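For reference, the structure discussed in these notes is given below.
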Amino acid sequence: MMGQSPLDQAQSLLAAGQAPRARELLRFALLRNSKDPALLRGLAAAELACGEVTGAIRAGERAIAAAPEDLASIDALGRILLESGDADGAWAVYERGVATLPTRAEPYWLWIQAAIRTGCIPQAVKAGRLGVEALPQSRDLVELLCYAMNFDDATDPDEHAGLHRRLGDLVHGARAAATRLPAPAFANTPDPGRRLRVALLSGDVCFHACAFFLAALVSGVDRERVELVMYAANEMDDTSRAFARTLPYWDCSRAGADEICARARTDGVDVLIECSGWTKHGRLPALTPRAAPVQVSWLGYPNTTGLPEMDWRVVDALTDPPGAESWHREQLLRLEGCFVCYQAAAETPPEGMSEHLSGAGTPLTFGSFSRLAKVQEGCMRLWARVLANSPGARLMLKTDASRAARREAERRWVSAGGEASRLVWAPFEPDPAKHLEAYRQVDIALDAWPYHGTTTTCEAMLMGVPVVTLAGRVHRSRVGMSLLAGVGVPELVAQDADEFVRIATSLAGDLPRLTEYHRTLRRRMLASPLCDARGFGRRFEGALRRAWSAWCAGRSGGGTIGP
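The letter at position 198 of the sequence shown is residue 199 when you use this note's numbering, and the numbering goes up by one with no holes.
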């Protein structure tokens, strides 16, 4: 460690599992410079690694006192408090950071991100609203608020649509001011019937939930009528390489918006489909100014993009019934049947009964493998009612969330009326086969609300587990209905909370019916339109062809094109 600073040496020791030595080294260094915030943050990390939570908090407080405007120290103490179970204390720290630096976006951003990581969506929305009020031109804060509101029980769809429109205008304005690209003048031949060149732009062409649906589209489209190219905005992994073997593939993970836009024009793309939306690896700014004559949003984001250049959004008649147009800046391109198609993983385990139905002696288990940000107070109250009407049953959650996020979920569960002893956790399992195998522990899956599951619903049905869902007003709370209808089990869709409780509890009390679902649901799903890639490819192409024909005819403006 010769030549390293004390902080670098301490970090090396921490990485090697030698927290006590790191702590002593940092304590000695602080004797000479007691107000160095970086050393104090390092000491806080070492104290926490040693199991000394009080010492970690004290060091974190000293770091902030030494440099009140140091955002790294604010975030470090906030994380420590969340890890120790003091969520209220953590939010107070982040709020203190906002009060100290009210005209900078970063403290609001740190607060929002911490709240989303911990599944505390009301805190994320609160911080986002404060940030947007203080800095209305901050694209990052408006984007984060739009994202967080997808998970919130109390989100008003009209307000949400307006925020997305504001976000789209901010991105459009910034790109118009900064871009050096010429005004888009496309030389694409306006022939409605010719072979289309379609680019899929996604940050999820990797080991990610969206890849199952991308794979179904790629395998189902008629390549003689549609030439597909993949623009992947993520680092490559084995899943990425599998896609690269099946179609032209460009790794644009390090490309800027101008480069992506220019590449699409050079490639002569007719239709560009953006598949990630306002998520971590989304590249929506590349579509402003236009990258292709027809620009489409699909799959990865449950809402409008708000971009003025986004022409269409692919949905279906169940996810977005008549009237949904008012919440979208795009025109709605409704597919016949479900708006997605699912391709099962190659590692799918064989069929089998749940542990309870197999007579293993385990209690009847309701389960959800959705991310905890989707499981807010309203969802917990709904599930607690199901458990209250199902004596002896338990609720199993499975997630890769942090200990702090699990602790907050447990708090929400008890606050919603659930019994702490009836909530159990399944360990996170990154291996796909073992992850699917965990569904053997579940008898009935409960869909999250108001932000439904998509991949988790498909996985449950693939493993023979029936899913009960509650239909809401907007796309994010209607996806479950579309998926279940696609498999032919609309009887599992509830229209209100009382019906949700009735469907779930009556199924729990009818073991012959429950056994029949577990015995037949995989077969029914695989034979259904939800897993018919070729049929989906035809429907998807038909929808794109209608959008392309509209461009060829020179039509534009609002409205809906249906099947």
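Think of the CB as a built atom: it goes at the ideal place given N, C-alpha and C, for glycine as much as any other residue. From a predicted model like this one, the values you see are computed outputs, not experimental measurements.
- prompt: With burial defined as no fewer than 16 other Cβ atoms inside 10 Å of the residue's Cβ, what is the status of proline 392: buried or exposed?
  reply: exposed
task: Whole angstroms is fine: what's the gap from alanine 374's alpha carbon to alanine 30's?
output: 40 angstroms
- request: Return the chain-ordered ranges of every alpha helix (DSSP H) run that is complete within the region 448-500 and spans a minimum of 4 residues.
  value: 456-463 and 480-488
query: Using the beta-carbon count (16 or more within 10 Å), is glutamine 124 buried or exposed?
result: buried
message: If I follow the unbroken alpha helix (DSSP H) through lysine 435, where does it start and stop?
response: 433-438
query: If you draw a straight line from the alpha carbon of glutamate 460 to that of alanine 345, how long is it in whole angstroms?
result: 8 angstroms
Outcome for glycine 560 when other beta-carbon atoms lying within 10 angstroms are tallied against a minimum of 16: Reliability of the predicted coordinates at glycine 560 is poor, the pLDDT of 41 falling under 50, and no value is obtained from them.
task: Measure the alpha-carbon distance for arginine 477 versus aspartate 37 and round it to whole angstroms.
output: 47 angstroms
field: Closest by C-alpha distance to leucine 145, when choosing among Asp154, Gly132, Ala155 and Thr180
entry: Gly132
message: On the criterion of 16 or more Cβ atoms from any shown chain inside 10 Å, does valine 490 qualify as buried, or is it exposed?
response: buried
message: Give me the residue from Gln12, Val143 and Cys532 with the minimum Cα distance to glycine 338.
response: Cys532
message: For cysteine 342 and valine 199, what's the separation of their Cα atoms in angstroms?
response: 18 angstroms
For phenylalanine 370, the three-state DSSP class (helix, strand or coil): coil
message: Taking 7 angstroms as the limit between beta carbons, can you name the residues of its chain near serine 557, skipping five residues before and five after?
response: In this prediction, serine 557 scores a pLDDT of 42, lower than 50, which makes its location untrustworthy; no coordinate-derived value is stated.
- prompt: By Cβ distance, which residues of its chain are closer than 8 angstroms to leucine 8, with the 5 residues on each side in sequence left out?
  reply: Leu27, Ala30, Ala39, Leu40 and Gly43
query: Hey, out of Leu288, Cys211, Cys276 and Thr247, whose CA is closest to alanine 265's CA?
result: Leu288
- prompt: Since isoleucine 261 and alanine 292 are thought to touch, with beta carbons under 8 angstroms apart, how far apart are those beta carbons, to the nearest angstrom?
  reply: 7 angstroms
- request: Would you kindly report the start and end of the unbroken alpha helix (DSSP H) that includes aspartate 239?
  value: 239-245
task: May I ask you to list the residues that DSSP assigns as paired with glutamine 1?
output: No answer is possible for residue 1: the residues shown for the chain start at 2 and end at 564.
task: Please confirm if the region 154-173 is in contact with the region 308-324, defined as three or more CB-CB distances below 8 angstroms between the two stretches.
output: yes
field: Collapsed DSSP secondary structure at lysine 127 in the structure displayed
entry: helix
query: Apart from the five residues on each side of it in sequence, which residues of its chain come closer than 6 angstroms, Cβ to Cβ, to tyrosine 452?
result: Asn151, Phe152, Lys375 and Arg477
- request: Compare the C-alpha of aspartate 317 against each of Phe537, Leu365 and Pro467 and name the closest.
  value: Phe537
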